[in-house]
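Residue numbers (mature numbering (1 follows the signal peptide of the UniProt record, and there is no 0)): -18 to -1, 1 to 390.
By construction, the Cβ of each residue, glycine as well, lies at the ideal position given by its N, Cα and C atoms.
The structure appears right after this line, and notes come after that.
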């Protein structure tokens, strides 16, 4: 019996050594990064109170524009310069265009229906085409009247409800505009019920689940098969999926209250895309609501912050508005004659991007870049914050300076 145990232990030890040797060889040519611990990697380096993109930016100052780190078994490559990101994500997109596996968020909470987490399957191509057809730069022009209307409602709300925080005005604007474009619903009032309020909490749950180190099953993928077979372990994810599906379905199947028949959900319901099942269409429009609502809200709040911190910039913008539009409300037709306003918007997005960490990619095959190799399956993160605060491209990058833009 003792001899048998020694044989088993010896076999396990030999297997562990062989696996360690194989992984070291496989990942030996990855861009170097911060040293980690055995098994855990850099898991304990993940900040609890600091935003992750700032930690990645700090690491880039030591390890350069391309480096890697590890969270248990997951390898991550970080791109912190516009050149490197352009080389790998644009010019080598056929090799870097995959999506990393998000087990909890992608498989359990959304059951493979979150477009941003989907792999390049036939269904992904159909959904992506539908999203692109309705939201590309030319297609969105049909929504200009809605955007103009919502901008005026935002201004009116600021005047009539000065005691409300800016976040409330930004939320109303972003949600109302999105729901009108996506579902054809009436504008949301500051004084009335907010139909999207139940989505706020569930959205926070989804975003929290993809934060590094927050999901045990993503840190230890070997548990994936255990969780898959256990309704008890999946109970919160299953409940989340059912709750969100009901909310998305309620919006999707609501009859548009607007006379404008261009809303995206109506086009899908009328069969514009024959190969999209109802449940996938419901989730596609719901995910578009989630993304547009959040990014627009954050951008508006940062715009107000910039204007409060830099009143001289706001005064120059007001002067240009007075000259071009006078006492009437501005419209999209005035945009070519408002270069300073456009410069402010561009600088706001640079200074405080609503997506500072970007959307993670994954290597669909081994990527050879210079002396480095990014193995297939590696997560690739574009650190947009670091790129937008690159002092070589933007002197004094923390300063809000709209004159950086050529349009100014």
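ask   = Under a three-way DSSP split, which group does residue 366 fall into?
value = Locating residue 366 in the chain shown gives position 384, counting from the first residue. Reduced to three states, the DSSP call for residue 366 is helix.
Touching by the beta-carbon criterion (3+ pairs, under 8 Å), the segment 10 to 27 and the segment 336 to 356 = The way I'd put it, the segment 10 to 27 does touch the segment 336 to 356; three or more beta-carbon pairs between them come closer than 8 Å.
query = Who pairs with residue 108 in a beta bridge, going by DSSP?
reply = Here residue 108 refers to the residue found at position 126 when the chain shown is read from its first residue. The secondary-structure analysis by DSSP pairs residue 108 with nothing; it has no beta-bridge partner.
query = Which residue from 315, 352, 115, 300 puts its Cα closest to that of residue 49?
reply = In the chain shown, residue 49 corresponds to position 67, counting from 1. If we check each option's Cα against that of residue 49, 352 comes out closest.
inquiry  = Using 9 Å as the threshold, is the C-beta distance between residue 288 and residue 329 below it?
reply    = Translated into the one-based positions of the chain shown, residue 288 becomes position 306. Translated into the one-based positions of the chain shown, residue 329 becomes position 347. Yes, the pair counts as a contact, with Cβ atoms nearer than the cut-off.
task = With a cut-off of 8 Å on the beta carbons, I'd call residue 338 and residue 366 a contact; round off their distance for me.
result = Along the chain shown, read from residue 1 onward, the residue named residue 338 stands at position 356. Along the chain shown, read from residue 1 onward, the residue named residue 366 stands at position 384. Taking the Cβ atoms as the reference, residue 338 lies roughly 5 Å from residue 366, within the contact range of under 8 Å.
query = For residue 78, is the classification buried or exposed, using 16 other Cβ atoms within 10 angstroms of its Cβ as the cut-off for buried?
reply = Counted from its first residue, the chain shown places residue 78 at position 96. By the Cβ neighbour-count rule, residue 78 is buried, with 16 or more other Cβ atoms within 10 Å of its own.
request  = Output the distance between the C-alpha atoms of residue 249 and residue 37, rounded to the nearest integer angstrom.
outcome  = Counting from 1 along the chain shown, the entry for residue 249 is found at position 267. Counting from 1 along the chain shown, the entry for residue 37 is found at position 55. The alpha-carbon separation between residue 249 and residue 37 amounts to approximately 43 Å.
query = How long is the line joining the alpha carbons of residue 386 and residue 295, rounded to whole angstroms?
reply = The residue labelled residue 386 in the question sits at position 404 within the chain shown. The residue labelled residue 295 in the question sits at position 313 within the chain shown. Spanning the alpha carbons of residue 386 and residue 295 requires a straight line of approximately 13 Å.
query = Leaving out the 5 sequence neighbours to the left and right, which residues in its chain are closer than 6 Å to residue 62 when beta-carbon positions are compared?
reply = Start at 1 with the first residue of the chain shown, and residue 62 comes out as number 80. So the list reads 42, 47, 365, 368, once near-sequence residues are dropped.
request  = For residue 89, count neighbouring Cβ atoms within 10 angstroms of its own Cβ and tell me buried if that reaches 16, exposed if not.
outcome  = Taking the chain shown and counting its residues from 1, the one referred to as residue 89 is at position 107. Result: buried.
inquiry  = With distance defined between alpha-carbon atoms, name the residue in 268, 228, 227, 229 nearest to residue 246.
reply    = If you number the chain shown from 1, residue 246 lands on position 264. Of the candidates 268, 228, 227, 229, the one whose C-alpha sits nearest the C-alpha of residue 246 is 268.
query = Is residue 159 close to chain C, meaning its C-beta is less than 9 Å from at least one C-beta of that chain?
reply = In the structure shown, chain C cannot be found, because there is only a single protein chain.
ask   = Quick one: any contact between the segment 292 to 312 and the segment 181 to 189, if contact means 3 or more CB pairs under 8 Å?
value = Too few Cβ pairs lie closer than 8 Å, so no.
task = Out of 23, 80, 95, point me to the one whose CA is closest to residue 264's CA.
result = Your numbering for residue 264 matches position 282 in the chain shown. Measuring from the Cα of residue 264, the nearest candidate turns out to be 95.
task = For residue 56, write down the residues that DSSP places opposite it in a beta bridge.
result = Translated into the one-based positions of the chain shown, residue 56 becomes position 74. According to DSSP, which records beta bridges pairwise, residue 56 is partnered with 53.
query = Would you call the CB atoms of residue 181 and residue 320 closer than 9 Å?
reply = The sequence position of residue 181 within the chain shown is 199, counting from 1. The sequence position of residue 320 within the chain shown is 338, counting from 1. Taking 9 Å as the cut-off, the beta carbon of residue 181 is found no closer than this to the beta carbon of residue 320.
Three-state class that DSSP yields for residue 307 in the structure shown = Counting from 1 along the chain shown, the entry for residue 307 is found at position 325. Reduced to three states, the DSSP call for residue 307 is coil.
request  = In angstroms with no decimal places, state the Cα-to-Cα distance between residue 244 and residue 33.
outcome  = Residue 244 sits at position 262 when you count from the first residue of the chain shown. Residue 33 sits at position 51 when you count from the first residue of the chain shown. If I take the Cα positions, the gap works out to 39 Å.
For residue 19, three-class secondary structure by DSSP = Walking along the chain shown from the start, residue 19 turns up at place 37. If DSSP states are grouped into helix, strand and coil, residue 19 belongs with the strands.
ask   = What did DSSP end up calling residue 356 once you bin it into helix, strand or coil?
value = As a position in the chain shown, residue 356 is number 374, starting the count at 1. Note: residue 356 maps to strand in three-state DSSP.
query = In terms of DSSP beta bridges, what is residue 349 paired with?
reply = Stepping through the chain shown from its first residue, residue 349 is reached at position 367. For residue 349, DSSP records a beta bridge to 356.
key: Assigned exposure category for residue 132 - 16 Cβ within 10 Å defines buried   = As a working mapping, residue 132 is identified with position 150 in the chain shown. With 16 or more Cβ atoms within 10 Å of its Cβ, residue 132 is classed as buried.
key: Distance between residue 334 and residue 286 (C-alpha atoms, nearest Å)   = Your numbering for residue 286 matches position 304 in the chain shown. Your numbering for residue 334 matches position 352 in the chain shown. Taking the straight line joining both Cα atoms gives about 12 Å.
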